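Asker: Shown below is the structure under consideration.
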Amino acid sequence: MSLQVNLRQRVADALRTAGIDERFAAVAPAAAARFGDFQTNAAMVAAKALKKNPREVAASILTHLNVEDFCERPTVAGAGFINFKVLDTALSDAVNAVRNDRRLGVESVQKAKTILIDFSSPNVAKPMHVGHIRSTILGDSLSRIARHLGHRVITDNHIGDWGTQFGKVIYGWKHLLNRVALEQTPIDELVRLYREVNAMEENDPVLKETVRHELVKLQQGDAENLEIWKQAVSLSWKEFERLYGLLEITFDERLGESFYNDALGPLVDRLLAQGIARESEGAVCIFFPETPALEEKPCLIRKSDGGFLYATTDLATLEYREQRWHPDAVWYVTGAPQQLHFEQVFASARKLGITTDLLHIAFGSILGEDRKMMKTRSGENVELGGLLGEAIEQAMTVVTEKNPDLSAAEQHEVARVIGLGAVKYADLMQHRLTDYLFSWEKMLSFQGNTAPYLQNAYVRIRSIFRKAEAELSEGISYASSPISIAAPAERALALQILKFGEVLHAVLEDQRPNLLCLYLYELADSFHSFYEACPILKAEDRVRSSRLALAEVTAEVLKTGLSLLGIGVPERM
RNA sequence: GCAGCCAUAGCUCAAUUGGAUAGAGCAUCUGACUACGGAUCAGAAGGUUUGAGGUUCGACUCCUCAUGGCUGCACCA
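One gets the working numbering by counting positions in the first sequence from 1 and adding 15 to each.
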């Protein structure tokens, strides 16, 4: 049991003895070090409910509070804050416990859920661009964290392999295809076809109709068009796989929209038969008269020309997932603009009797330097592949400059870990709902609150151990010596290490990896302060052993935490 | 028109969900380099949290109104 959980329990006990509802028991790290290590605001919250004086309630709680075995005498401050300062011995014990715990103080959830996470979802024959970054990186990180906390997670890449873009691609394939280019750079060629046809039909209604007809032929099963489609999908997958491999992202399920195609017609028929959907203006819609916000926002599931829509596919997909995985929750990691769409889909799902916890994990848009949203067809989108390459390249120049002694192979690997880490961290560190201002300069800057800063903290610790192993004579082992907390910088670092047990649960509570980023940054910061203030290798035996062990736990937490963000750590950099 | 999201230091962002003197990073300034890796640390300066009311012991946070911005709203995904 962690110190914080233990304290919460003691506060609950005190509340119960004092005749106050123990649900008010909540303990948080102290707002500032001058107040102590932990605090509870229970007295003020309870006083509010009971219409009593907060300070009197605090005093009453204090008389029933029994924490002498691991805290100094608690004090009441301000409007009714109760502050705790943990004894050095108890703090030492707690950090030692984390050090000896394979899970570093992170407890698994009480009730493991099956969570299906839908993210990334690039479109075939279109480049993966910056717009896919957030979904991909955020979804991957949430998957890792949920899994780490003991949930059963299914990652599902719902590829856009059946969209209207195929009319353009097929027309282009038949009339504009450059076979050599297709061999050498297949995705670029597919994108070129898409873009050229898209531009050509802009002012040509006749061509537009021809292109649309190619799409209809594909949908009706035309052999030639189907073959072109299959090749386009296969070529796109190769490129996706390359990028996912680079990013070290994996999927358990990778069924594209086309997989659900045959289910769409029967689904709409069934919804009509059950009276859930009805015809309106030639289209088939689901209405939500009972939901005020959706009263005038029907969900279209079949067009008047018989075609199906985004919502139809999403509903069919959900039904499939229900019977295939029986999930407790389905999370959709997509942009905030799709909020209405998901409200409609979720409301429709409820009409279908689906009670699964459905969640739209929305995130803000990626903005260009003009502060306008980056649009899919602006033609100025930064492609993901190029972006990652650029990040690695820039990391490479820094690495070769800072550490020319590394072998070429190691420089490449370090540049990859740093470059990709920088891109991922720059995205994850922000609250997911705030719009993300895309900036090469910021993303690739290795100063301040960035992945390289965190990686550097880890590398330094590894460096200390390399030096220690070289200097210490054989037989001397620090591994068996306990951590003993004394100096202020040691206290601060120890307390920060202990927070790891809480932060992951907080992240999953609101699907916010930025809380983990913030935590790791503060951990690295605490370590660097400790590193400056407390000599490790130059200290006398017992202190040296303790500090080495403290550094070791720090490294483990950094490595584990970063891995949960999908970010690696090098041994040298 | 209706709805959703948002407005915090010069810039980019936080704020443990209603708690203590609103915190970081860039940029600026002052210190610390024969260094356990300076990709660092210690410190300074920078704020009427868009504006006006309200709720209470206490508001960046909740409510109302206003202003400004982004996004969505019937046959794209």
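A virtual CB, placed ideally from N, CA and C, is assigned to each residue, including glycine. This structure is a prediction, so every number in the text was calculated from the model and none was measured.
Can you tell me whether DSSP reads residue 144 as helix, strand or coil?
Answerer: DSSP places residue 144 in strand when its eight states are reduced to three.
Asker: Please work out which residues of its chain come closer than 6 Å, Cβ to Cβ, to residue 266, disregarding the five sequence neighbours upstream and downstream, and give them in chain order.
Answerer: Result list for residue 266: 170, 172, in chain order.
Asker: Please identify the residue among 330, 26, 512 whose C-alpha is closest to the C-alpha of residue 373.
Answerer: Here the closest residue by C-alpha is 330.
Asker: Express the C-alpha separation of residue 470 and residue 253 in angstroms, rounding to a whole number.
Answerer: Going from the Cα of residue 253 to the Cα of residue 470 covers about 31 Å.
Asker: Quick one, are the C-beta atoms of residue 79 and residue 40 less than 8 Å apart?
Answerer: Their beta carbons are not under 8 Å apart, which means residue 79 does not touch residue 40 by this criterion.
Asker: Taking Cβ positions, are residue 333 and residue 376 nearer each other than 8 Å?
Answerer: Their beta carbons are not under 8 Å apart, which means residue 333 does not touch residue 376 by this criterion.
Asker: Tell me whether residue 187 is buried or exposed, calling it buried when 16 or more other Cβ atoms sit within 10 Å of its Cβ.
Answerer: Residue 187 should be labelled buried.
Asker: In whole angstroms, what separates the C-alpha of residue 394 from that of residue 143?
Answerer: Low per-residue confidence applies at residue 394: pLDDT is 48, beneath 50, and the placement is therefore not dependable, though the value from the model is reported in the following sentence. Those two C-alpha atoms are separated by around 13 Å.
Asker: Only counting the same chain, and skipping five residues up and downstream in sequence, which positions put a Cβ closer than 6 Å to that of residue 391?
Answerer: Its pLDDT being 40, under 50, residue 391 is placed unreliably by the model, and nothing is read from it.
Asker: Mark residue 93 as exposed unless 16 or more other C-beta atoms lie within 10 angstroms of its C-beta, in which case mark it buried.
Answerer: Residue 93 is exposed by the Cβ-count criterion.
Asker: Rounded to the nearest angstrom, what separates residue 242 and residue 233 at their Cα positions?
Answerer: Near 9 Å, if we compare the C-alpha coordinates of residue 233 and residue 242.
Asker: Any idea which residues DSSP pairs residue 44 with across the strands?
Answerer: The partner list for residue 44 (beta bridge, DSSP) reads 53.
Asker: For residue 541, tell me which candidate among 517, 530, 573 has the shortest Cα-Cα distance.
Answerer: Here the closest residue by C-alpha is 573.
Asker: For the putative contact between residue 440 and residue 563, defined by C-beta atoms under 8 Å, what is the C-beta separation to the nearest angstrom?
Answerer: Contact flag wrong, Cβ pair sits at about 28 Å.
Asker: Between the Cα of residue 191 and those of 176, 575, 215, 179, spot the shortest distance and give me the residue it belongs to.
Answerer: With distances taken between Cα atoms, residue 191 lies closest to 215.
Asker: Can you confirm whether the region 347-359 touches the region 99-115 when touching is taken to mean that 3 or more C-beta pairs between the two stretches lie within less than 8 Å?
Answerer: Verdict: no, contact absent.
Asker: With contact counted as at least three CB pairs below 8 Å, one residue from each stretch, are the region 500-512 and the region 420-432 in contact?
Answerer: Result no; under three Cβ-Cβ pairs closer than 8 Å.
Asker: At what residues does the alpha helix (DSSP H) containing residue 328 begin and finish?
Answerer: Taken as a continuous stretch (DSSP letters only), the alpha helix (DSSP H) holding residue 328 covers 325-340.
Asker: For residue 91, which residues from the same chain have a beta carbon less than 7 Å from its beta carbon, with the 5 sequence-adjacent residues on both sides left out?
Answerer: The residues are 70, 73, 74, 77, 97.
Asker: Write down every uninterrupted run of the alpha helix (DSSP H) in the region 57-97 whose length is 4 residues or greater and which is fully enclosed by it, in chain order.
Answerer: Runs found: 57-65, 69-79.
Asker: Apart from the five residues just before and just after residue 23, which ones in its own chain have a Cβ nearer than 6 Å to its Cβ?
Answerer: Correct list, in chain order: 40, 42.
Asker: Cα separation between residue 86 and residue 561?
Answerer: About 22 Å.
Asker: Within 10 Å of its beta-carbon, does residue 126 have 16 or more other beta-carbons around it, so buried, or fewer, so exposed?
Answerer: Exposed, since its Cβ has fewer than 16 Cβ neighbours within 10 Å.
Asker: Helix, strand or coil for residue 380, going by three-state DSSP, please let me know.
Answerer: Coil, per DSSP.
Asker: Which residues bound the beta strand (DSSP E) around residue 347?
Answerer: Taken as a continuous stretch (DSSP letters only), the beta strand (DSSP E) holding residue 347 covers 344-350.
Asker: What is the C-beta distance between residue 130 and residue 342, in whole angstroms, given that I count them as a contact (C-beta under 8 Å)?
Answerer: Yes, they are in contact, since the Cβ atoms of residue 130 and residue 342 sit about 6 Å apart, within 8 Å.
Asker: Less than 8 Å between the CB atoms is what I'm expecting for residue 379 and residue 450, so what's the real figure, rounded?
Answerer: About 4 Å separates the two Cβ atoms, so the contact holds.
Asker: Looking only at its own chain, which residues have a Cβ that is under 8 Å from the Cβ of residue 453, when we skip the five neighbours before and after it?
Answerer: Hits under 8 Å: 145, 381, 382, 383, 384, 389, 397.
Asker: So residue 205 and residue 136 are supposed to be a Cβ contact under 8 Å. How far apart are they, rounded?
Answerer: Between residue 136 and residue 205 the Cβ distance is about 17 Å, and since that is not below 8 Å, they are no contact.
Asker: What are the uninterrupted segments assigned as alpha helix (DSSP H) that are 4 or more residues long and contained completely in the region 548-581, given in chain order?
Answerer: Listed in chain order, they are 556-579.
Asker: Taking DSSP's pairing of strands, which residues face residue 138 in a bridge?
Answerer: DSSP, once it has assigned bridges, lists 175 as partnering residue 138.
Asker: Output yes or no for whether 8 Å exceeds the beta carbon distance between residue 274 and residue 230.
Answerer: No. Outside cutoff.
Asker: By alpha-carbon positions, which one of 150, 103, 161, 99 ends up nearest to residue 447?
Answerer: Comparing Cα positions, the closest option is 150.
Asker: CB-CB under 6 Å to residue 412, same chain, minus the five flanking residues each way: which ones, in chain order?
Answerer: Within the same chain, residue 412 has no close Cβ partners at all.
Asker: May I ask which residues mark the beginning and end of the alpha helix (DSSP H) holding residue 315?
Answerer: From DSSP, residue 315 is part of no alpha helix (DSSP H) but of the beta strand (DSSP E) over 314-317.
Asker: Hey, could you find the ends of the beta strand (DSSP E) residue 129 is sitting in?
Answerer: First-last of the beta strand (DSSP E) with residue 129: 129-133.
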